[in-house]
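Student: Have a look at this one before I ask anything.
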Amino acid sequence: MQDKKDNFDVTVIGGGLAGMSSSIHLANAGLKVLCIEADPLDKDPVGESLDWSAPDLLKALGLPMQYLLDQGIATYKRHVILKLRDGAEQHYIPGEWLGKPPYNVNLRTLHVDRSQLNQALREIFIGKGITLINDRVAHIETAGRVVKAVVTARGERIVSKWFIDASGSNAGLFPRIFDLPVYEYGPHKVAMWEYFTVPESIEGTILHADGAGPPYMEWVWQIPIHPNTISVGYVTTGEMVKEKRQQGLSVRDIFAAQLQRFPDLQSLLHEPGREQPRTTSFRCRVFANVAGPNWLVAGEAAAMVDPMTSNGVTAALRHAAEGSSLIIRYRNRQTLSRLSAAMYSQRVLSLARFFNSGIENVLYDWPIRNRIGPFNAGDLYTIPAWSMNVVYSRLRPQGLIKTTLLRLLLATLRYSLGAFHWFCKRTQSSSTSGAAS
Ligand SMILES: Cc1cc2nc3c(=O)[nH]c(=O)nc-3n(C[C@H](O)[C@H](O)[C@H](O)COP(=O)(O)OP(=O)(O)OC[C@H]3O[C@@H](n4cnc5c(N)ncnc54)[C@H](O)[C@@H]3O)c2cc1C
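Laid out in structure tokens, this is it:
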């Protein structure tokens with residue numbers, strides 16, 4: 000085993016969205032960055048419907064909205080539509096007032112072709128002179144809470160001053176090695192998706208669901224990644240997929256049966272030359288204490304946010320921007336201040352807990368959805384969730400006061416939705432048992 004001779008300031012583990020973005024920010028500040036990516040082929044990236052905060056974060060990396068549109072990497076997203084099986088639908092559109100001072104929010108965001116977006120980022124990344132090695136980090140050397148070196152599967156030992164773990168939700172290397180506290184949300188889920196050609200698409204993300212009724216919601220996304228190409232994906236529980244596989248159904252059969260249930264989607268099944276659906280499985284979870292003396296965790300390795308929130312890309316870009324700015328600030332001290340590390344962790348934790356618990360309590364689980372109806376439940380989730388992202392982008396919390404304010408606000412909203420969920424569950428259970436007796 001050999002020490003790699005080059006003296007890197009920062010080692011970034013993972014060359015996905017969070018890893019590439021962190022590397023670019025750090026290289027822009029003149030730091031020498033090494034990025035280690037286990038799977039250079041970048042197969043099947045997902046995350047195509049962006050939250051309203053994402054375009055500014057992409058612009059900071061050198062990818063302004065207009066460029067992404069001109070290059071055919073993105074389409075406009077103006078709203079989200081919830082469509083039920085009976086054809087009823089509700090449109091969720093950011094209020095006009097958000098576009099006016101003092102908020103000045105761009106009322107349009109983007110859908111992206113993730114393969115093309117990753118390629119555009121990779122070109123910027125390479126242009127910055129960042130060193131990329133295609134290998135897998137297999138071992139992490141620590142001394143107490145300090146990361147000393149990482150060792151790759153090919154036996155390369157890499158020493159640097161700083162380390163970022165951006166290895167995604169399946170690996171989560173530093174959370175495992177430091178045994179970080181974890182909060183989990185909802186059951187294990189599976190997503191399966193395909194791309195379809197359509198005559199024309201709309202400037203919005205469509206979510207197809209049953210609405211009121213099922214104890215746990217399944218849903219289908221429809222995202223126009225190009226004017227004539229849509230991504231269609233089905234998200235359900237791992238248990239449900241297991242049950243259907245035991246009945247002898249293939250992934251393709253399960254996907255087709257779900258699309259068949261929605262009148263708008265049935266015609267897609269007749270498209271010739273369809274490929275096998277791509278699949279992934281995940282569990283929403285968030286780690287606490289995701290920053291240490293000379294390391295931090297970014298993107299899904301720190302917090303896996305449910306895809307229905309459309310917040311994964313924003314979170315990965317935010318963690319990358321905030322985490323790298325911390326390293327840049329403390330580059331001469333060689334360790335993060337305890338307070339800055341704690342504040343970074345608090346922001347990652349409280350935002351992801353808010354989104355995950357909100358979507359689980361209000362939409363996935365039955366009590367609120369069945370009591371106020373799926374469309375009102377959609378409002379109950381989107382209004383605070385979208386507002387919090389606007390508040391976050393405008394407040395740019397970094398220090399103790401703003402981070403604490405944000406935490407309090409997010410915790411209040413989270414507890415309020417949790418209390419309403421408890422109330423709806425209790426009253427509906429008692430009215431059911433009352434009716435039965
Ligand atoms: C089904 C689904 C749909 C989604 N839809 C949306 C959406 O519509 N909108 C949205 O905003 N977000 C969405 N997301 C979330 C979004 O895709 C992710 O949050 C984002 O891509 C995460 O980026 P990342 O860099 O943190 O992780 P990843 O993209 O997973 O990157 C991690 C990288 O680390 C590498 N790696 C892992 N282990 C090692 C190792 N030991 N050594 C070296 N490299 C390693 C991996 O190969 C990988 O390339 C969705 C997620 C899922 C699962």
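Residue numbers (numbering that gives the first Met the number 0): 0 to 436. Yeah, the Cβ is synthetic: ideal placement off N, Cα and C, and Gly gets one too. Just so we're clear, the structure is a prediction, and the values are computed from it rather than from any experiment.
Among V181, A165, A315 and E217, whose alpha-carbon lies nearest the alpha-carbon of I253?
Tutor: Here residue 253 is taken as the residue at index 254 of the sequence shown, counted from 1. The candidate whose alpha carbon is nearest that of I253 is E217.
Student: Using DSSP with H/G/I as helix, E/B as strand and the rest coil, what is T108?
Tutor: Translated into the one-based positions of the sequence shown, residue 108 becomes position 109. Reduced to three states, the DSSP call for T108 is strand.
Student: Please confirm if the region 154 to 169 is in contact with the region 289 to 305, defined as three or more CB-CB distances below 8 Å between the two stretches.
Tutor: yes
Student: Excluding five sequence neighbours on each side, which residues of the same chain lie with their C-beta closer than 8 Å to the C-beta of G86?
Tutor: As a position in the sequence shown, residue 86 is number 87, starting the count at 1. Result list for G86: P262, in chain order.
Student: Under three-state DSSP, which class holds W220?
Tutor: Position 221 of the sequence shown, counted from the start, is the residue given in the question as residue 220. It is a strand residue.
Student: Identify which residue in E183, A384, T10 and R121 has its Cα closest to the Cα of R282.
Tutor: Stepping through the sequence shown from its first residue, residue 282 is reached at position 283. The residue with the shortest Cα to Cα distance from R282 is E183.
Student: Can you tell me whether V11 sits near ligand 1, meaning its C-beta is under 6 Å from at least one heavy atom of the ligand?
Tutor: Within the sequence shown, residue 11 is the residue found at index 12, counting from 1. Not under cutoff, so the answer is no.
Student: Taking 8 Å as the cut-off, does the region 118 to 132 touch the region 22 to 42 (at least 3 CB pairs, one atom from each stretch)?
Tutor: yes
Student: Given a threshold of 16 other Cβ atoms within 10 Å of its Cβ, counted over all protein chains shown, does N288 qualify as buried or as exposed?
Tutor: Position 289 of the sequence shown, counted from the start, is the residue given in the question as residue 288. Under this definition N288 is a buried residue.
Student: Say yes only if the C-beta of L16 is nearer than 6 Å to one or more non-hydrogen atoms of ligand 1, and no if none qualify.
Tutor: Taking the first residue of the sequence shown as position 1, residue 16 is located at position 17. True, at least one ligand heavy atom lies under 6 Å from that Cβ.
Student: Going by alpha carbons, who is nearest to T308 out of I382, Q333, K243 and V250?
Tutor: For this step, residue 308 is matched to residue 309 along the sequence shown. Checking every option, the nearest Cα to that of T308 belongs to I382.
Student: With a 10 Å radius around its C-beta and 16 neighbouring C-beta atoms as the bar for buried, classify V145 as buried or exposed.
Tutor: Position 146 of the sequence shown, counting from 1, holds the residue named residue 145. Exposed.
Student: Flag P198 as yes if its beta-carbon sits less than 7 Å from any beta-carbon of chain B, otherwise no.
Tutor: Given the protein chain composition of this structure (a single chain), no chain B is represented.
Student: Can you tell me whether A142 is buried or exposed, with buried defined as 16 or more other CB within 10 angstroms of its CB?
Tutor: Counting from one through the sequence shown, the residue named residue 142 turns up at place 143. Exposed, since its Cβ has fewer than 16 Cβ neighbours within 10 Å.
Student: Ignore the nearest five residues each way along the sequence and tell me which others in H138's own chain have a CB closer than 8 Å to its CB.
Tutor: Numbered from its first residue, the sequence shown carries residue 138 at position 139. Closer than 8 Å at the Cβ level, and outside the excluded window around H138, lie V149 and V150.
Student: Bridge partners for L131 per DSSP, in chain order?
Tutor: Stepping through the sequence shown from its first residue, residue 131 is reached at position 132. DSSP, once it has assigned bridges, lists C34 as partnering L131.
Student: Please classify D43 as buried or exposed, where buried requires at least 16 neighbouring CB atoms within 10 angstroms.
Tutor: On the sequence shown, position 44 is the one that residue 43 refers to. It counts as exposed.
Student: Just verifying my parser: in three-state terms, what is the DSSP assignment at L206?
Tutor: Sequence index remark: in the sequence shown, residue 206 carries index 207 (1-based). Strand.
Student: For a test of the three-state rule: what should DSSP assign to F422, helix, strand or coil?
Tutor: For this step, residue 422 is matched to residue 423 along the sequence shown. The answer is helix: DSSP assigns F422 an H, G or I state.
Student: For P306, is the beta carbon positioned less than 6 Å from some heavy atom of ligand 1?
Tutor: Looking up residue 306 in the sequence shown gives position 307. The answer is yes for P306.
Student: DSSP has S280 in a bridge; who is on the other side?
Tutor: On the sequence shown, residue 280 is found 281 positions in, with the first residue counted as 1. S280 is bridged to V189.
Student: Could you give the first and the last residue of the continuous alpha helix (DSSP H) run that contains T381?
Tutor: The residue you call residue 381 lines up with position 382 of the sequence shown. Its alpha helix (DSSP H) spans residues P373 to L394.
Student: Under a three-way DSSP split, which group does Q89 fall into?
Tutor: Translated into the one-based positions of the sequence shown, residue 89 becomes position 90. Q89 falls in the strand class under three-state DSSP.
Student: So, A302 versus A351, is the Cβ gap smaller than 7 Å?
Tutor: Locating residue 302 in the sequence shown gives position 303, counting from the first residue. Locating residue 351 in the sequence shown gives position 352, counting from the first residue. Judged by their CB atoms, A302 and A351 are nearer to each other than the 7 Å cut-off.
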